[in-house]
Amino acid sequence: MKIRLPKVRTSIDIASWLITRGQSAGKEITHRRLQYLIYLFFGNYFNIEFQSKLFPSTFVLSKIGPLEPNIYLLYNKINLEEIGSSIPENIEDYLLKVWKKYEIYDVESLEKIIIENSIWKEILLQPIGSEISENLIIKSFVSSSDINNNTYTNIVDNDKEYWTLSGKKAERWIPGLSKKNK
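With this note's numbering as the guide, the letters of the sequence shown map in order to residues 1 to 182.
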């Protein structure tokens, strides 16, 4: 199994950065807009560094598009802007570049960018509430030729054996990674 290691600790760090950036630019970051931006930032990162992902995350298919469940649950409960951790400088450069690309779009335009992607039709074949696989997200943002030309260099050793305390053989568990994504 090929595992992409994240560059940022959580999606909350990205949400915090986006909310802060939006406020400083005079742009309102509604919950829906935040969800779309997080998805677009996550997917676009595979064009920068195919072997890694921007942050560890699961996106779920909803009636309004892709949702990041942690952000969905926390958006109205806590001030996301205050709890995010600092972002590495090279990642912040990436965030600024992508922000410049998408800051001009309103919520409906961001939604249109996502749903008019040819792979979105394939994503919609899944039931509402199901996880959008990382492979489908990559296919949505990275060209087929770039996918085929990339090789994994950031691989976690998956040949290691794992055992429970009772002596039974176990499989490595990675949060957010379902068996269908292996």
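In this text, a Cβ means the ideal position worked out from N, Cα and C, and glycines have one as well.
- Contact check for Q35 against Y72 passes: the beta carbons are separated by less than 9 Å.
- Here G43 is buried: its Cβ has 16 or more other Cβ atoms, across all protein chains shown, within 10 Å.
- Look at the stretch 52–122 and you find these whole runs of alpha helix (DSSP H), each 4 residues long or longer: 69–74, 80–83, 89–102, 107–115.
- The residue among I87, E49, S11 with its C-alpha nearest the C-alpha of S57 is S11.
- For P6, the CB contacts under 6 Å within the same chain, skipping 5 residues up- and downstream, are K53, F55, P56 in chain order.
- If you look at K139, you'll find it in the alpha helix (DSSP H) that goes 134–141.
- By the Cβ rule, the stretch 21–39 counts as touching the stretch 100–108, because three or more pairs are nearer than 8 Å.
- L125 counts as exposed, since fewer than 16 other C-beta atoms from the protein chains shown sit within 10 angstroms of its C-beta.
- Boundaries for S130: no alpha helix (DSSP H) harbours it, and the DSSP string shows neither H nor E there.
- Check the Cα spacing between F59 and each of W163, N135, G167, N149: the tightest is with N135.
- Under the criterion of beta carbons closer than 8 Å, G84 and A15 qualify as touching, at roughly 7 Å.
- Spanning the alpha carbons of K77 and D13 requires a straight line of approximately 16 Å.
- In summary, I128 is exposed, with fewer than 16 beta-carbon neighbours lying within 10 Å of its beta-carbon over all protein chains present.
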